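**Q** In UniProt numbering, the protein residues as written are 1 to 109. Even glycine gets a Cβ: it sits at the ideal position worked out from N, Cα and C. Given the structure is predicted, the values throughout are model-derived calculations rather than measurements. I have a structure here, written as structure tokens, and I will follow up with some questions on it.
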């Protein structure tokens with residue numbers, strides 16, 4: 001199983017914009033937690049400190065951190081940013097998910 005997590009160009013641009021507003025040293029952390037309507041949910045937080053064992057993804061001035069416990073759930077995933085009629089949000093295209101809720105923020109494996 002691959003541990004690679006990728007960030008689309010659209011997501012990298014949006015993350016970069018958010019981090020610029022947050023100030024020097026800001027990074028986006030993506031993690032997986034139990035909960036949501038499908039069993040697991042994605043969580044997005046702004047961080048200022050990187051843990052020694054974090055997976056670090058850098059793309060176009062966007063720095064994304066993934067904790068080691070979340071990496072297996074996100075392995076092979078792509079983080080994208082969509083802006084459509086129902087709103088703007090980050091979406092995780094996760095090949096490990098066997099099901100997800102309608103809003104796309106929770107999933108099952």
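1. Tell me which residues share the same chain as residue 34 and place their Cβ nearer than 7 Å to its Cβ, disregarding the 5 neighbours each side in the sequence.
2. Could you tell me the boundaries of the alpha helix (DSSP H) in which residue 11 lies?
3. How long is the line joining the alpha carbons of residue 1 and residue 16, rounded to whole angstroms?
4. Give me the residue from 53, 19 and 67 with the minimum Cα distance to residue 46.
5. Using only the alpha-carbon positions, how far apart do residue 14 and residue 30 sit?
6. Going by DSSP in three states, residue 5 sits in which element: helix, strand or coil?
7. Would you tell me roughly how many angstroms separate the C-alpha atoms of residue 169 and residue 25, rounded to the nearest one?
8. Taking 8 Å as the threshold (C-beta atoms), are residue 5 and residue 66 in contact?
9. Residue 85 by DSSP, collapsed to three states: which one?
**A** Inspection of the coordinates gives the following:
1. Excluding residues up to 5 positions away in sequence, 40 lie with their Cβ nearer than 7 Å to the Cβ of residue 34 in the same chain.
2. From DSSP, the alpha helix (DSSP H) with residue 11 extends over 9-22.
3. Bear in mind that a pLDDT of 43 at residue 1, under 50, signals an unreliable position, so the model cannot answer this.
4. Closest by alpha carbon: 19.
5. The C-alpha of residue 14 lies about 14 Å from the C-alpha of residue 30.
6. If DSSP states are grouped into helix, strand and coil, residue 5 belongs with coil.
7. The requested residue 169 is not part of the displayed model; the chain covers only 1 to 109.
8. A Cβ-Cβ contact shorter than 8 Å links residue 66 with residue 5.
9. In the structure shown, the three-state DSSP call for residue 85 is coil.
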